[in-house]
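Trainee:
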Amino acid sequence: MLKKKLKKNIGDPWRGNFFALGLVGVLSTMAVPHAYCADSFAIEGAKWFDGANFKQATWFVDEDGFLTKTRPQKVDYTIDASGKFVVPPYGEGHNHNLQNPWAIKNFGPLQVNSGVFYSVQMCSFGEEVKAQFSSKDTMDVLYASDCITASDGHPLRLILNGKKNVSDDELKIAQEMVMVAEDKGDLDQIWEKVKANHPSFIKLMLVGSEKFEERHGDKKYLGVNGLNPKLVPVIVERAHKLGIPVVAHVDTAHDAMVAIKAGVDILGHLPGYRIARNEGFDRQDYVLSDAVIAAAAKQGTKLIATASVPSEHSYPEDELKEIQAVQKDNLSRLRNAGVPLLMGSDNFSGTVLREIRYLDTLDIAPREVLLKSLTMDTPKWMFPERHLGSFSEGAEGSFLILEGNPLEDLGFLDKIYIGVKQGHILVSSPSSN
14 MLKKKLKKNI GDPWRGNFFA LGLVGVLSTM AVPHAYCADS FAIEGAKWFD
64 GANFKQATWF VDEDGFLTKT RPQKVDYTID ASGKFVVPPY GEGHNHNLQN
114 PWAIKNFGPL QVNSGVFYSV QMCSFGEEVK AQFSSKDTMD VLYASDCITA
164 SDGHPLRLIL NGKKNVSDDE LKIAQEMVMV AEDKGDLDQI WEKVKANHPS
214 FIKLMLVGSE KFEERHGDKK YLGVNGLNPK LVPVIVERAH KLGIPVVAHV
264 DTAHDAMVAI KAGVDILGHL PGYRIARNEG FDRQDYVLSD AVIAAAAKQG
314 TKLIATASVP SEHSYPEDEL KEIQAVQKDN LSRLRNAGVP LLMGSDNFSG
364 TVLREIRYLD TLDIAPREVL LKSLTMDTPK WMFPERHLGS FSEGAEGSFL
414 ILEGNPLEDL GFLDKIYIGV KQGHILVSSP SSN
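Sequential numbering from 14 applies to the sequence shown in the numbering used here.
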């Protein structure tokens, strides 16, 4: 049990207020006020995840919020975590649900209370909210603000709320929310904005690029097309000159081939999350070739699979089985080739925990590999300059104390006893009081 003073700090009144707060309050209480944070404390009796197994250890968090095995001169509190299991906080590599005040109000508390302390928001400018994040007592959010697509490309239909018949003015307003490139001249114009923004990532859109000439300009596909594939190598080359990683939205295997050949850093989806026969595609159009997989492995391209996207839809059983067969085949060969898997869900109303559970059902990797991706690999990819995603001397004092062993039951991933970020307690369960 926590000592009495710490119990008072993280007790029920704070938890109740967290959920009762309005919009402005949510932005500030994604963090626990400094008064709720111990100066230094010990965590005793728990088993800690090392990337493969859980091992018994005692760790201390010093007054600066860093882990140490050396007992500080003064230990203010002790957390008795006997019988519990400790993992680094979760990383969400692909979502869109923290990009404005409305989204933060509706989905922000869920992220923190589920242990998601790190998130990448794709195609999200976040200017009005990003100042509320990325401090010691908040979750950390990166914004891939520069999103490049065609004049009729994804995600314009989403921006237009699904409307297909829109006025020129409506389309123009939607286009202003992304970066539109039809040719190299357009790239020259938008590149000054890219230089000024210097985003965490650039995201480019490829959707059925093998049919680009056929689909581009067809109103049937307004808002769901992708870039001219000929522009992709130019975008990647320019981005890399600025030191900006490139994430590619891909739909088909051909999209992935175009992206990998151009040298993108991350595939933002695994081809095969749908089989769009209504658009003239078939199963084989989503199967990655061995040559493309080998090229991805050779150049170090990473994958954010978002494989759980089909779970949002009510597919007939036979269709879902076909999708999952393609996914499992692609994922198994990617893993065997050594392509790194990062964890990301594209789960707007939920969390990345859906993704790890879905991948677990596909049986494409041992559970400890999936857990390592969620808690170590993905956060380290997001913040390579920081010492996080591990339990080692001098690492950030950020961790989740779970009620049980997630390697035995993934249900324990959201049964959080206490969640700490850089020495600040962000989450506590009633049983910790």
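All C-beta atoms in this analysis are idealised placements derived from N, C-alpha and C, irrespective of residue type, glycine included. Quick caveat: nothing in here was measured; it's all calculated off a predicted structure.
Of the choices ILE248, LYS334 and PRO246, whose alpha-carbon is the least far from that of TYR286?
Mentor: Translated into positions along the sequence shown, residue 286 becomes position 273. If we check each option's Cα against that of TYR286, LYS334 comes out closest.
Trainee: Quick one: using the 10 Å Cβ neighbour count with 16 as the cut-off for buried, is GLN361 buried or exposed?
Mentor: Locating residue 361 in the sequence shown gives position 348, counting from the first residue. The question names Gln, but residue 361 in the sequence shown is Phe. The residue in question, PHE361, is exposed, as its Cβ has fewer than 16 Cβ neighbours within 10 Å.
Trainee: Judging by CA-CA distance, which residue of GLU421, GLY128 and GLU57 is the nearest neighbour of PRO392?
Mentor: Position 379 of the sequence shown, counted from the first residue, corresponds to residue 392. For PRO392, the nearest C-alpha among the options comes from GLY128.
Trainee: Measuring only the C-alpha atoms, how far is MET356 from LEU401?
Mentor: As a working note, residue 356 is residue 343 in the sequence shown. As a working note, residue 401 is residue 388 in the sequence shown. Between MET356 and LEU401, the C-alpha separation is close to 16 angstroms.
Trainee: With distance defined between alpha-carbon atoms, name the residue in PRO329, PHE396 and VAL382 nearest to ASN349.
Mentor: Mapped onto the sequence shown, residue 349 falls at position 336. Closest option to ASN349, Cα to Cα, is VAL382.
Trainee: Starting from VAL277, trace the beta strand (DSSP E) in both directions and tell me its first and last residue.
Mentor: As a working note, residue 277 is residue 264 in the sequence shown. Neither: VAL277 is in no beta strand (DSSP E) and is coded neither H nor E.
Trainee: May I ask you to report which of helix, strand or coil DSSP gives ILE4?
Mentor: Residue 4 lies beyond the residue range present for the chain, which begins at 14 and ends at 446; the question has no answer from this structure.
Trainee: Just checking, does the region 83-98 make contact with the region 409-417 on the three C-beta pairs under 8 angstroms criterion?
Mentor: yes
Trainee: Just checking my contact of ILE377 with LYS341 at CB under 8 angstroms: how many whole Å lie between their CB atoms?
Mentor: For the purposes of this step, residue 377 is identified with residue 364 of the sequence shown, where counting begins at 1. For the purposes of this step, residue 341 is identified with residue 328 of the sequence shown, where counting begins at 1. That belief holds up - the Cβ atoms of ILE377 and LYS341 are roughly 6 angstroms apart, short of 8 angstroms.
Trainee: Determine whether the beta carbon atoms of ALA266 and ASP298 lie at a separation below 8 angstroms.
Mentor: On the sequence shown, residue 266 is found 253 positions in, with the first residue counted as 1. On the sequence shown, residue 298 is found 285 positions in, with the first residue counted as 1. Cβ atoms of ALA266 and ASP298: closer than 8 angstroms.
Trainee: Put THR71 into one of helix, strand or coil per three-state DSSP.
Mentor: What you label residue 71 is simply residue 58 of the sequence shown in a count that begins at 1. Coil.
Trainee: Taking the continuous alpha helix (DSSP H) assigned at MET395, which residues delimit it?
Mentor: The sequence position of residue 395 within the sequence shown is 382, counting from 1. Note, MET395: alpha helix (DSSP H), 391-395.
Trainee: For MET270, does the three-state DSSP call read helix, strand or coil?
Mentor: By 1-based counting over the sequence shown, the position of residue 270 is 257. Three-state DSSP puts MET270 in a helix.
Trainee: If you run the structure through DSSP and keep just helix, strand and coil, what is ILE438?
Mentor: As a first step, residue 438 is located in the sequence shown; it is residue number 425 there, counting from the start. Of the three classes helix, strand and coil, the one that applies to ILE438 here is strand, per DSSP.
Trainee: With a threshold of 6 angstroms on Cβ separation, who are the neighbours of ASP268 within its own chain once the five nearest residues in sequence on each side are excluded?
Mentor: As a working mapping, residue 268 is identified with position 255 in the sequence shown. Only LEU219 and SER222 meet the Cβ criterion.
Trainee: Rounded to whole angstroms, what's the CA-CA distance from ASP390 to LYS185? Just pull it up for me.
Mentor: Position 377 of the sequence shown, counting from 1, holds the residue named residue 390. Position 172 of the sequence shown, counting from 1, holds the residue named residue 185. Each residue's Cα considered, the two are about 39 angstroms apart.
Trainee: What are the partner residues of VAL433, as DSSP defines its beta bridges?
Mentor: Along the sequence shown, read from residue 1 onward, the residue named residue 433 stands at position 420. For VAL433, which the question treats as bridged, DSSP gives the partners PHE412 and ILE438.
Trainee: Is the beta carbon of LEU316 less than 8 angstroms from the beta carbon of VAL352?
Mentor: What you label residue 316 is simply residue 303 of the sequence shown in a count that begins at 1. What you label residue 352 is simply residue 339 of the sequence shown in a count that begins at 1. Going by C-beta atoms, LEU316 is nearer than 8 angstroms to VAL352.
Trainee: If we count the other Cβ atoms within 10 Å of its Cβ and call it buried at 16 or more, is GLU398 buried or exposed?
Mentor: Translated into positions along the sequence shown, residue 398 becomes position 385. With fewer than 16 other Cβ atoms within 10 Å, it is exposed.
Trainee: Would you kindly check if the distance between the Cβ of ILE117 and the Cβ of VAL133 is under 8 angstroms?
Mentor: Walking along the sequence shown from the start, residue 133 turns up at place 120. Walking along the sequence shown from the start, residue 117 turns up at place 104. Result no, Cβ atoms of VAL133 and ILE117 do not sit closer than 8 angstroms.
Trainee: Just reading off the alpha helix (DSSP H) that TYR234 is part of, what are its end residues?
Mentor: As a position in the sequence shown, residue 234 is number 221, starting the count at 1. No alpha helix (DSSP H) holds TYR234; DSSP gives it neither H nor E.
Trainee: For ASP93, report the span of its beta strand (DSSP E) as first-last.
Mentor: Position 80 of the sequence shown, counted from the start, is the residue given in the question as residue 93. That run of the beta strand (DSSP E) goes 90-93.
Trainee: Going by C-alpha distance, which of ALA309, VAL339, ALA307 and GLY256 is nearest ILE288?
Mentor: Reading the sequence shown from its first residue, position 275 is the one you call residue 288. If we check each option's Cα against that of ILE288, VAL339 comes out closest.
Trainee: Which same chain residues end up closer than 6 angstroms to ALA318 when comparing Cβ atoms and leaving out the 5 residues on each side of it in sequence?
Mentor: Within the sequence shown, numbered from 1, the residue matching residue 318 stands at position 305. Closer than 6 angstroms at Cβ, skipping near neighbours: LEU283.
Trainee: Please state whether the Cβ-Cβ distance between ASN73 and ALA55 is less than 8 angstroms.
Mentor: Taking the first residue of the sequence shown as 1, we reach residue 73 at position 60. Taking the first residue of the sequence shown as 1, we reach residue 55 at position 42. In the sequence as displayed, the identity of residue 73 is Phe instead of Asn. It is a contact, given that the beta carbons lie within the stated cut-off.
Trainee: Output needed for LEU344: all residues of its chain with C-beta closer than 6 angstroms, excluding positions within five of it in sequence on either side, in chain order.
Mentor: Translated into the one-based positions of the sequence shown, residue 344 becomes position 331. Excluding sequence neighbours, LEU344 sits near ILE377.
Trainee: How big is the Cα-Cα spacing for ASP422 and LYS232?
Mentor: Indexing the sequence shown from 1 puts residue 422 at position 409. Indexing the sequence shown from 1 puts residue 232 at position 219. Distance between the alpha carbons of ASP422 and LYS232: 48 angstroms.
Trainee: Taking 8 angstroms as the threshold (C-beta atoms), are SER148 and GLN112 in contact?
Mentor: Start at 1 with the first residue of the sequence shown, and residue 112 comes out as number 99. Start at 1 with the first residue of the sequence shown, and residue 148 comes out as number 135. In this structure, SER148 does not lie closer than 8 angstroms to GLN112 by Cβ.
Trainee: Assuming GLY198 is part of the alpha helix (DSSP H), what are its boundary residues?
Mentor: One-based indexing of the sequence shown puts residue 198 at position 185. First-last of the alpha helix (DSSP H) with GLY198: 197-210.
Trainee: In angstroms, rounded to a whole number, what distance separates the CA positions of HIS109 and LYS87?
Mentor: Within the sequence shown, the letter at position 96 stands for residue 109. Within the sequence shown, the letter at position 74 stands for residue 87. Near 42 angstroms, if we compare the C-alpha coordinates of LYS87 and HIS109.
Trainee: Report the rounded CA-to-CA distance for PRO122 versus SER403, giving the unit in angstroms.
Mentor: Here residue 122 refers to the residue found at position 109 when the sequence shown is read from its first residue. Here residue 403 refers to the residue found at position 390 when the sequence shown is read from its first residue. Whole-angstrom Cα-Cα distance: 24 angstroms.
Trainee: Please state whether the Cβ-Cβ distance between VAL125 and LEU366 is less than 8 angstroms.
Mentor: Taking the sequence shown and counting its residues from 1, the one referred to as residue 125 is at position 112. Taking the sequence shown and counting its residues from 1, the one referred to as residue 366 is at position 353. Annotated as distal: VAL125 and LEU366, with beta-carbon spacing of 8 angstroms or more.
Trainee: Return the Cβ separation of LEU200 and ALA209 in integer angstroms, given the expectation that the two are a contact with Cβ distance under 8 angstroms.
Mentor: Indexing the sequence shown from 1 puts residue 200 at position 187. Indexing the sequence shown from 1 puts residue 209 at position 196. With a Cβ gap of about 15 angstroms, LEU200 and ALA209 do not count as contacting.
Trainee: What is the rounded straight-line gap between the Cα of ILE257 and the Cα of PHE214?
Mentor: As a working note, residue 257 is residue 244 in the sequence shown. As a working note, residue 214 is residue 201 in the sequence shown. Going by the C-alpha atoms only, they are around 6 angstroms apart.
Trainee: Do you know how far the Cα of GLU140 is from the Cα of GLY498?
Mentor: Because the chain spans 14 through 446 in this model, residue 498 falls outside it and cannot be assessed.
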